[in-house]
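Okay, structure first, notes after.
Number of protein chains: 2
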Amino acid sequence: MEVQVAVAKIEKYAVGESGDTVEVVERPHGGVSIVLVDGQRSGQSAKSISNLVARKAISLLAEGVRDGAAARAAHDYLRTQRGGKVSAELVIVSADFETGSIVLSRNSRTPILLQAEGEWRLLDTMAEAVGVHARTRPCIEEVPLRPGVVVIAMSDGIWTAGERRGVGIDLLSLVQSFPLTLSAKAFADDLLAHALRHEQGRPGDDLTVVALHVLGLDVDNIRRMNLTFPIPSRIYGTWD
Amino acid sequence: MEVQVAVAKIEKYAVGESGDTVEVVERPHGGVSIVLVDGQRSGQSAKSISNLVARKAISLLAEGVRDGAAARAAHDYLRTQRGGKVSAELVIVSADFETGSIVLSRNSRTPILLQAEGEWRLLDTMAEAVGVHARTRPCIEEVPLRPGVVVIAMSDGIWTAGERRGVGIDLLSLVQSFPLTLSAKAFADDLLAHALRHEQGRPGDDLTVVALHVLGLDVDNIRRMNLTFPIPSRIYGTWD
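Each protein sequence line maps, in turn, to chains R and Y. Its first residue numbered 12, the first sequence is counted upward by one per residue in the working numbering. Its first residue numbered 12, the second sequence is counted upward by one per residue in the working numbering.
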């Protein structure tokens, strides 16, 4: 019985710096939260915005602040810091071991894919991005933390991949065609690969997928984290 | 060309809460830092100490503060908060893409295993834990970020596994016997498995391994993160 979390991300082609930020934090009363922020525009300026919003949300979650309050605070903070002139899409995915639930908090036009009780659905109610308007609040969905629950959150680059060329992906049909037993890693890697293919390997936007899967199988009691960070060419270019 | 990071951890037998904390943060000028904190004692009190120290170090690193200064600040913070009465072992492992180096910052009696230029060595100079004495500072080691560099940091439970039964592990010989091509994940999982075996599956202390491996092979440019969190029995006990 474990919660699997997987993130796969790549930056917009030839930009070198993703404007998406993903951070993970252990919840002080048990469980884990993943914060995904897609900053307005791309490159360095988007990165600094998404970083600011993610750090604020993460630091509050780490102190035990509830998800909805953390999202509101991150909004207020960005709006104060940047005078309401820049926006960011913010999603918080939490496996809360205190309440035994999965909590999804969206300030984003990009939907979340959710599989619960054997059925996939799209969480796509209108949810305002953070940073601009007064009193913005998140759309929150909560489902019991049960075996088989899968959550897939993404930046809008994934959702709209291929659209400029008129070959958008129907992601709901796509995930419905996947075996239910896929690991979180397989969900994240497959969706990113699909989006990359639809962008012919040169994405016109930052692409980030976050997948969470509640596994009902008995496993060892070991907590694991594995990351890979591509090394920029300015570093490996100096190797002999 | 990528940096692989792997963490494997399990709590002391029958305690249910690990006193070790590991957090990862992206460095604002490029690269990644892993913070490992082993709080004094075990269980809830150790967890709150290690969490406090890790959060302070992580938030400073996220703001671009250099590793040595972050370690000093985390020390001062714990010492102020707890009146110098509790200690924590703090290790910061960084892949710094700004300087092109691996930076190892130790405030811990537990050594770090480092493979650089094809040779394993033990970083075991005396390094004071944080939180107690005035003006504590870290032992810092810096090596070029080059293919084949491997770093293994651990909590003292790994280093002393089996010692109570008089069957300690010689970790330096152990890693020297491993193939150089092991992934970070394999290093972390293998070392944790060794320690668990030496503790007969019922560890007398929290066990945490952090491994970092610089890979010189050409890979895709995708950044990945994968985590697994065991679900506590108080949650899955309610499942049908």
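Idealized CB from N, CA, C, for every residue including glycine. Predicted, not measured: the structure shown is a model, and the values here were computed from it.
Ends of the alpha helix (DSSP H) at residue i?
i: Y/Q55; result: G54 to A73
i: Y/I180; result: Looking at the DSSP string, Y/I180 is not in any alpha helix (DSSP H), and its letter there is neither H nor E.
i: Y/R10; result: In this structure chain Y extends from 12 to 251, so residue 10 of chain Y is not present and cannot be described.
i: R/H205; result: A195 to H209
i: Y/A84; result: D78 to Q92
i: R/S244; result: S244 to Y247
With a CB to CB cut of under 6 Å and the five nearest residues on each side skipped, what residues in its chain are close to residue i?
i: Y/V48; result: T32, S61, V64, A65, A99 and L101
i: Y/Q126; result: V161
i: R/Y24; result: R213 and P214
i: R/V36; result: S44, I69, L72 and A73
i: Y/V143; result: G95 and S98
i: Y/E152; result: L115 and L134
i: R/K259; result: This structure does not reach residue 259 of chain R, given that chain R is present from 12 up to 251, and the question cannot be answered.
i: Y/I246; result: none
Quick one: residues in its chain with C-beta nearer than 7 Å to the C-beta of residue i, no 5 flanking neighbours on either side, listed in chain order?
i: Y/V186; result: L124, W131 and I163
i: Y/E13; result: L226 and V230
i: R/L183; result: L124, W131 and L133
i: Y/A19; result: A199, D200, L203 and V220
i: R/G50; result: G30, A57, K58, I60, S61 and A99
i: Y/V26; result: S53 and G54
i: Y/E34; result: V46, A65 and I69
i: R/G75; result: P39 and H40
So if DSSP puts residue i in a beta bridge, which residue, or which two residues, is it bridged to?
i: R/D49; result: R/D31 and R/E100
i: R/M165; result: R/V220
i: R/D107; result: R/G42 and R/S112
i: R/V225; result: R/V14
i: Y/E37; result: Y/V43
i: R/I21; result: R/L218
i: R/A127; result: R/E130
i: R/V141; result: R/A99
Out of the options, which has the shortest C-alpha to C-alpha gap to residue i?
i: R/V154; options: R/H86, R/V225 and R/I233; result: R/V225
i: Y/A68; options: Y/A140, Y/I21, Y/V46 and Y/G54; result: Y/V46
i: Y/A84; options: Y/L71, Y/G75 and Y/R93; result: Y/L71
i: R/V114; options: R/R245, R/R175, R/G42 and R/Q51; result: R/G42
i: Y/G9; options: R/I103, R/E37 and R/G111; result: With chain Y covering 12 to 251 only, the question about residue 9 of chain Y has no answer from this structure.
i: Y/S56; options: Y/V35, Y/V36, Y/K96 and Y/E34; result: Y/K96
i: Y/E174; options: Y/S44, Y/D107, Y/P214 and Y/G94; result: Y/P214
i: Y/H9; options: Y/P190, Y/L223, Y/A17 and Y/D181; result: Given a span of 12 to 251 for chain Y in the structure shown, any question on residue 9 of chain Y remains unanswerable.
i: R/S194; options: Y/T239, Y/P158, Y/E152 and Y/R77; result: Y/T239
i: Y/G94; options: Y/S44, Y/A145 and Y/E74; result: Y/A145
i: Y/G159; options: Y/E128, Y/Q92, Y/A73 and Y/V16; result: Y/E128
i: R/R176; options: R/M165, R/D251, R/L207 and R/P241; result: R/L207
i: R/L228; options: Y/I242, Y/N237 and Y/L228; result: Y/I242
i: R/D167; options: R/I246, R/D135 and R/R245; result: R/D135
i: Y/Q211; options: Y/S188, Y/G179 and Y/N232; result: Y/G179
i: Y/S244; options: R/A172, R/R38, R/S188 and R/N232; result: R/N232
i: Y/T171; options: Y/A80, Y/S188 and Y/P122; result: Y/P122
Ends of the beta strand (DSSP E) at residue i?
i: R/R120; result: Element bounds for R/R120: n/a, residue is neither H nor E.
i: Y/W131; result: E130 to L134
i: Y/T239; result: R234 to P241
To the nearest whole angstrom, what separates the beta carbons of residue i and residue j, a pair I think is in contact under 8 Å?
i: Y/D217; j: Y/S53; result: 6 Å
i: Y/I21; j: R/R234; result: 7 Å
i: R/L223; j: R/A106; result: 7 Å
i: R/H40; j: R/E109; result: 4 Å
i: Y/D78; j: Y/S116; result: 5 Å
i: Y/M165; j: R/A17; result: The pair is not a contact, with the Cβ atoms about 25 Å apart (cut-off 8 Å).
i: R/W250; j: Y/R157; result: 6 Å
Which residues in the same chain have their Cβ closer than 8 Å to the Cβ of residue i, if we skip the five residues on either side of it in sequence?
i: R/V141; result: V64, A82, A85, H86, L89, R90, S98, A99, E100, L101, N118 and T147
i: R/Q92; result: L63
i: R/A138; result: R117, N118, S119, R120, P149 and C150
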